[in-house]
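Using our numbering, you'd call the opening residue of the sequence shown number 67 and step up by one each time. Positions of the beta carbon are idealized from the N, C-alpha and C atoms, including for glycine. Working notes for the structure below.
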Amino acid sequence: MFQTLYKRKEKIEDIVLTIQQSSSKELDDFIVQYTPFINKTVSTICGRYITNQEDEFSIGLNAFHEAIKLYSYKKGASFLSFAKLIIKRELIDFFRKESKYQSLTSEQNGSDDIHKQYDDHVYSSYIKNFDEVNRKEEIIHFSEMLKQFGISLETLVEVSPKHEDTREHIFSVVDLVTSDEEMLTFLYKKKKLPMKKLETKVNISRKSLEKHRKYIIAMSIISVNEYIYLKNYLKRGN
Numbered sequence: 067m068f069q070t071l072y073k074r075k076e077k078i079e080d081i082v083l084t085i086q087q088s089s090s091k092e093l094d095d096f097i098v099q100y101t102p103f104i105n106k107t108v109s110t111i112c113g114r115y116i117t118n119q120e121d122e123f124s125i126g127l128n129a130f131h132e133a134i135k136l137y138s139y140k141k142g143a144s145f146l147s148f149a150k151l152i153i154k155r156e157l158i159d160f161f162r163k164e165s166k167y168q169s170l171t172s173e174q175n176g177s178d179d180i181h182k183q184y185d186d187h188v189y190s191s192y193i194k195n196f197d198e199v200n201r202k203e204e205i206i207h208f209s210e211m212l213k214q215f216g217i218s219l220e221t222l223v224e225v226s227p228k229h230e231d232t233r234e235h236i237f238s239v240v241d242l243v244t245s246d247e248e249m250l251t252f253l254y255k256k257k258k259l260p261m262k263k264l265e266t267k268v269n270i271s272r273k274s275l276e277k278h279r280k281y282i283i284a285m286s287i288i289s290v291n292e293y294i295y296l297k298n299y300l301k302r303g304n
């Protein structure tokens, strides 16, 4: 059945959505087929070749499985791009936990060995570089998403609300859009905000909605995607 599935549907996104409703056999077959993709993604993120026996690969494998379960067209990205984001998120979380564990172990052991200090320094530098590289990639992905709506990163700086109370009102709109199936579908399909429906649900004038349209769309994109670094922009008061 899995082979006929591939013959019937060409887009991987359609295949993933079908697998979400299918048996575990089809899920397993799909994961096996994309194991090279998982390995390549994990190795690229880690900056070295990762074998299938290493912890990093297992984390990538589990993350890919999670991506299959979470994916929908509302994510606004191709499935493989979305899967990369999930894999990165899980690996970054893993590395940060490992870094904290190493620091704690060193303190508990009272180790001041010069080699241990050197290893800790190298590891910290690696994590810093890892974060910088992946932050840049996340911004690139976000920028490509914005282009679909005719928005640039430079424009966002200009249209960002300056007052805290305005930000609160705008984020209430973002919360509404991203939690409403119909409005979110409209946003991604039409590439614009569902103004008529919004006007009936929020106590904000159409003029204000239009003024902050680009910012609302941008924050909605961040909200529904699995961004690791950009999600901080969704925090109130930022």
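Asked, Found
"Whole angstroms is fine: what's the gap from tyrosine 281's alpha carbon to leucine 222's?", "6 Å"
"Give the DSSP-derived three-state secondary structure of aspartate 246 in the structure shown.", "coil"
"Skipping 5 residues on each side, what residues in its chain have a beta carbon closer than 6 Å to that of lysine 228?", "none"
"Does the beta-carbon of tyrosine 115 have 16 or more other beta-carbons within 10 angstroms, so that it is buried, or is it exposed?", "exposed"
"Write down the C-beta distance between lysine 154 and isoleucine 294 rounded to the nearest angstrom, noting that I regard them as a contact closer than 8 Å.", "7 Å"
"In this structure, how does DSSP classify threonine 107 when only helix, strand and coil are distinguished?", "helix"
"Measure the Cβ-Cβ separation of arginine 279 and leucine 259 and say whether it is below 8 Å.", "yes"
"Which runs of the beta strand (DSSP E) fall wholly inside the segment 110-148 and span at least 3 residues, in chain order?", "none"
"How long is the line joining the alpha carbons of phenylalanine 252 and phenylalanine 215, rounded to whole angstroms?", "13 Å"
"In terms of residues, what are the limits of the alpha helix (DSSP H) holding lysine 263?", "261-267"
"Compute the Euclidean distance between the alpha carbons of arginine 137 and leucine 83, then round it to the nearest angstrom.", "It should be noted that the sequence gives tyrosine, not arginine, for residue 137. Taking the straight line joining both Cα atoms gives about 8 Å."
"Report the residue ranges of all alpha helix (DSSP H) runs contained in full by the segment 265-297; include only those spanning at least 4 residues, in chain order.", "272-277, 279-290"
"From what residue to what residue does the alpha helix (DSSP H) around isoleucine 78 run?", "78-85"
"Exposed or buried, phenylalanine 266, counting other C-beta atoms within 10 Å across all chains shown (16 or more means buried)?", "Sequence check: residue 266 is threonine here, not phenylalanine. That one is exposed."
"Count the other CB atoms within 10 Å of the CB of threonine 117; is the residue buried (16 or more) or exposed (fewer)?", "exposed"
"Per DSSP, what kind of secondary structure is lysine 257 in: helix, strand or coil?", "coil"
"From tyrosine 100 to glutamate 276, what distance separates their C-alpha atoms?", "43 Å"
"If I follow the unbroken alpha helix (DSSP H) through lysine 91, where does it start and stop?", "90-99"
"Could you say which of Tyr254, Met249, Lys255 lies nearest to lysine 262 if we only look at CA atoms?", "Met249"
"Hey, is the segment 102-115 in contact with the segment 124-136, meaning 3+ C-beta pairs nearer than 8 Å?", "yes"
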